[in-house]
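S.K.: One point on numbering: in numbering that gives the first Met the number 0, the residue at position 115 of the sequence shown is 114, and numbering is uninterrupted. What follows is a single structure, and I will ask about it in a moment.
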Amino acid sequence: MMEKKKVFLTRNLHDFALKELEKIYQIEVHTGKVPIPRRKLESRIKEIDGLICFPYDIIDRKLLDIARNLKVISTFSVGFDHIDIEFAKKNKIRVGYTPEVLTDATADLAFSLMIDVMRRVSEGDRIIRKGSWKEIYGAYDYTGTDLQGKTLGIFGLGRIGSTLARRAKSFDMNIIYHNRKPISKTREKTLGVNYVSFEKLIRQSDVVSIHVPHTSKTDRLFDKRIFKSMKKTAFLINTARGKIINQKDLVEALKKRTIAGAALDVFESEPIGKNNPFVKIPNVTLTPHIGSSTKETRVKMAEITVKNLKLGMNSKKPIYSVGF
Ligand code: DGY
0 MMEKKKVFLT RNLHDFALKE LEKIYQIEVH TGKVPIPRRK LESRIKEIDG LICFPYDIID
60 RKLLDIARNL KVISTFSVGF DHIDIEFAKK NKIRVGYTPE VLTDATADLA FSLMIDVMRR
120 VSEGDRIIRK GSWKEIYGAY DYTGTDLQGK TLGIFGLGRI GSTLARRAKS FDMNIIYHNR
180 KPISKTREKT LGVNYVSFEK LIRQSDVVSI HVPHTSKTDR LFDKRIFKSM KKTAFLINTA
240 RGKIINQKDL VEALKKRTIA GAALDVFESE PIGKNNPFVK IPNVTLTPHI GSSTKETRVK
300 MAEITVKNLK LGMNSKKPIY SVGF
């Protein structure tokens, strides 16, 4: 009997997905610390035919260079900035990813973070847990900000950005956006959004929500210069990638109240611990990278991750493919 091809998973997946993989492949799952220690990943990458990975895993040139048999990388994410796509392509390694199925879940999280930080929901929860409710008992001691009538600036009006726009419309917000290229006038009208330059987006928005990928162009784009251009009363929401923001500058801006607040689901390096400077700042809501994390969405992501892997193992293009 022919030996089964080897597939390595850097983190556990649903049982149905593992069972499906096991029927065809010899699988190994890393169940220890997340992210997987680099040395372990290096030792496995040499031998495997297929890899299932997650946004925490850095699949760079150095790692891919030692892979001898790797045919496909299937990432359980819409983002693929953790993978050296150019190098994978050059080495005929297919890359699959999981867009579309997580659009609603991620837009919902961006929307809930926006309400949370503007209405100071999590901050209030923390105050009660500290036993400090009596200190904010006056009528004006603890006020948030209305969403209605405010301008939401969406940076990146793709699938997730457009879905967020629809949510925000029903809360009577004005919506402006910036993309590399404006969307069609018909679509702008349907969504009720207006295109503006990046500078205007930053200056005019009461809330800026980031929905672009992390690339060399967006790397640490949100820095002190940008925070100074934002309204003092503005909020920043990030459910895209942590590295789009200069974290140190944001910490400063929040402490000095250069902007009013932020809500972050993603960070420069993840996971963050209790010594991270954001943890001590009251006007920031933090969530542990849960944009796509609903039961329903994660099942759909697992299904696509497995399909993408199987196609790549058979030298076919994944359903959602980056590179080739
Ligand atoms: C993705 O899929 O890239 C998201 O960041 C995961 O939550």
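Even glycine gets a Cβ: it sits at the ideal position worked out from N, Cα and C.
#1: Would you mind working out which of 69, 43 and 213 sits nearest residue 265, comparing C-alpha positions?
#2: For a minimum of 4 consecutive residues, which ranges assigned as the alpha helix (DSSP H) are wholly contained in the stretch 3 to 62?
#3: Can you give the Cα-Cα distance for residue 41 and residue 162, rounded to whole angstroms?
#4: Please name the residue or residues paired with residue 141 in a DSSP beta bridge.
#5: Would you check whether the ligand DGY has a heavy atom nearer than 8 Å to the C-beta of residue 101?
#6: Since residue 261 is in the beta strand (DSSP E), which residue starts that stretch and which ends it?
#7: Return yes when the Cβ of residue 233 is within less than 9 Å of the Cβ of residue 192, no when it is not.
#8: Within the same chain, show all residues whose beta-carbon is closer than 6 Å to that of residue 152, passing over the 5 residues directly before and after it, in chain order.
#9: Using CA atoms only, rank isn't needed, just tell me which of 308, 268, 319 and 96 is closest to residue 70.
#10: Who are the near neighbours of residue 282 in its chain, counting only those whose CB is closer than 6 Å to its CB and skipping five residues on each side?
#11: Hey, would you say the C-beta of residue 34 is under 8 Å away from at least one heavy atom of the ligand DGY?
#12: Taking the alpha helix (DSSP H) that residue 250 falls in, what are its first and last residues?
#13: Hey, could you find the ends of the beta strand (DSSP E) residue 100 is sitting in?
#14: Which one of 78, 47, 52 and 60 has the shortest CA to CA distance from residue 211?
#15: What span of residues does the alpha helix (DSSP H) with residue 120 cover, start to end?
#16: Count the other C-beta atoms from every protein chain shown that fall within 10 angstroms of the C-beta of residue 298, then say buried if there are 16 or more, exposed otherwise.
#17: Is residue 291 near the ligand DGY, going by C-beta to nearest heavy atom under 8 Å?
#18: Closer than 8 Å by C-beta to residue 147: which residues in its own chain qualify, once you throw out the five before and the five after it? Chain order, please.
#19: Go ahead and label residue 93 buried or exposed: buried means 16 or more other beta carbons lie within 10 angstroms of its beta carbon, across all protein chains shown.
#20: Pick out whichever of 221, 46 and 31 has its Cα sitting closest to the Cα of residue 4.
#21: How should residue 54 be labelled, buried or exposed, when 16 other C-beta atoms within 10 angstroms of its C-beta is the threshold for buried?
#22: So, residue 21 versus residue 7, is the Cβ gap smaller than 9 Å?
#23: Around the C-beta of residue 1, are 16 or more other C-beta atoms found within 10 angstroms, so that it is buried, or is it exposed?
#24: Quick one: measure Cβ to Cβ for residue 62 and residue 44, integer angstroms, because I've assumed they're closer than 8 Å.
#25: Please classify residue 290 as buried or exposed, where buried requires at least 16 other C-beta atoms within 10 Å of its C-beta.
#26: Please state whether DSSP places residue 161 in a helix, a strand or coil.
#27: So residue 224 and residue 244 are in contact, right, with Cβ under 8 Å, and what is the actual spacing, rounded?
#28: If you draw a straight line from the C-alpha of residue 19 to the C-alpha of residue 50, how long is it?
#29: Are there 16 or more other CB atoms within 10 angstroms of the CB of residue 37, so buried, or fewer, so exposed?
#30: Heavy atom of the ligand DGY less than 8 Å from the Cβ of residue 10, yes or no?
M.R.: In terms of the structure at hand:
#1: 213
#2: 14 to 23 and 37 to 44
#3: 39 Å
#4: Looking at the DSSP assignment, residue 141 forms no beta bridge with any residue, so it has no partner.
#5: yes
#6: 260 to 263
#7: no
#8: 175, 200, 204 and 207
#9: 308
#10: 253 and 260
#11: no
#12: 246 to 254
#13: It is not in any beta strand (DSSP E) - residue 100 carries neither H nor E in the DSSP assignment.
#14: 78
#15: 120 to 128
#16: exposed
#17: yes
#18: 170, 171 and 172
#19: buried
#20: 46
#21: buried
#22: no
#23: exposed
#24: 6 Å
#25: buried
#26: helix
#27: Actually they do not touch by this definition, with Cβ atoms about 13 Å apart.
#28: 15 Å
#29: exposed
#30: no
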